[in-house]
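Numbering-wise (our numbering), the sequence shown opens with residue 1 and increments by one.
All C-beta atoms, glycine included, are put in the ideal place defined by N, C-alpha and C.
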Amino acid sequence: MIRISVIYHSVTGTTKRMAEAICKGASSVNGVECMAFPIESPDAEYVKESKCVILGTPVYYASMSGTVKMWFEKTRGQFGLQGKLAGAFATADYIHGGGEIAIQSILSHMMVSGMMAYSGGGAYGKPVIHLGPVGIKSDIESYVETFRIYGERMAMKTLELFG
Ligand SMILES: Cc1cc2nc3c(=O)[nH]c(=O)nc-3n(C[C@H](O)[C@H](O)[C@H](O)COP(=O)(O)O)c2cc1C
Numbered sequence: 001m002i003r004i005s006v007i008y009h010s011v012t013g014t015t016k017r018m019a020e021a022i023c024k025g026a027s028s029v030n031g032v033e034c035m036a037f038p039i040e041s042p043d044a045e046y047v048k049e050s051k052c053v054i055l056g057t058p059v060y061y062a063s064m065s066g067t068v069k070m071w072f073e074k075t076r077g078q079f080g081l082q083g084k085l086a087g088a089f090a091t092a093d094y095i096h097g098g099g100e101i102a103i104q105s106i107l108s109h110m111m112v113s114g115m116m117a118y119s120g121g122g123a124y125g126k127p128v129i130h131l132g133p134v135g136i137k138s139d140i141e142s143y144v145e146t147f148r149i150y151g152e153r154m155a156m157k158t159l160e161l162f163g
């Protein structure tokens, strides 16, 4: 079984909900299992064994939350991130609130960690997810399907690369 870890920061539950939707999609791919962890307490062994790590953030000030940025700075080397497939997602209050900037910033941090950034982009057609999925809190249930599909795409690429 190929493992995928979804690590999220969530204070009011929105990003957690989307992490679960991604995991549901990833787990639906044969040969892949997925677990979602709050950023405060990931299972280090499971993350280390994962071939793909997907990180989720609430958008704070049009960027990743301080907690997510601190995670990179504090856990350097701890999870053996190098060589793994990398994905990122965000939730926000506003469609123009900076979701994609937050995702891009996380993907940059992941590349600095030696990871391989991926989203599927426009290659699969609709829903087109260029950098990673962004969900808007006030209408979050309407984004579940897009996040599920994103999880499925990340899992298929993980399987293709590492299966
Ligand atoms: C300190 C702070 C800064 C925020 N900044 C933004 C922002 O720049 N753009 C935006 O769209 N939403 C912003 N939000 C809203 C959160 O991104 C949004 O409510 C998110 O879905 C919360 O995720 P959670 O429920 O997982 O904690 C901010 C919220 C907080 C607490």
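Determine the burial state of residue i: buried for a count of at least 16 other Cβ atoms within 10 Å of its Cβ, exposed for fewer.
i: Gln104; result: buried
i: His130; result: exposed
i: Ser138; result: exposed
i: Ala123; result: exposed
i: Glu100; result: buried
i: Ala92; result: buried
i: Pro38; result: exposed
Assuming residue i and residue j make a contact with CB atoms under 8 Å, what is their CB distance in whole Å?
i: Ala86; j: Met64; result: The pair is not a contact, with the Cβ atoms about 14 Å apart (cut-off 8 Å).
i: Ile4; j: Ile54; result: 7 Å
Using a Cβ-Cβ cut-off of 7 Å (strictly less than) and excluding sequence neighbours within five positions of residue i, which residues of its own chain qualify?
i: Ala36; result: Val6, Tyr8, Ala19, Glu20, Cys23
i: Ile149; result: Gly25, Pro127
i: Phe162; result: Ile2, Lys51
Leaving out five residues before and five after residue i in sequence, what residues of the same chain have Cβ atoms less than 6 Å from its Cβ?
i: Thr102; result: Note that residue 102 is Ala in the sequence shown, not Thr. Excluding sequence neighbours, Ala102 sits near Thr57, Val59, Ser63, Met64, Ala90.
i: Leu107; result: Ala88, Ala117
i: Gly80; result: Lys48
Which same chain residues end up closer than 8 Å to residue i when comparing Cβ atoms and leaving out the 5 residues on each side of it in sequence?
i: Val29; result: Glu152, Ala155, Met156, Leu159
Runs of beta strand (DSSP E) lying entirely within the stretch 122–157, each at least 3 residues, in chain order: Secondary structure within the stretch 122–157: the beta strand (DSSP E) runs of 3 or more consecutive residues, fully enclosed, are 134–136 (chain order).
Ordered list of beta strand (DSSP E) runs contained in the stretch 53–110, each at least 3 residues: Runs of the beta strand (DSSP E) inside the stretch 53–110: 85–92.
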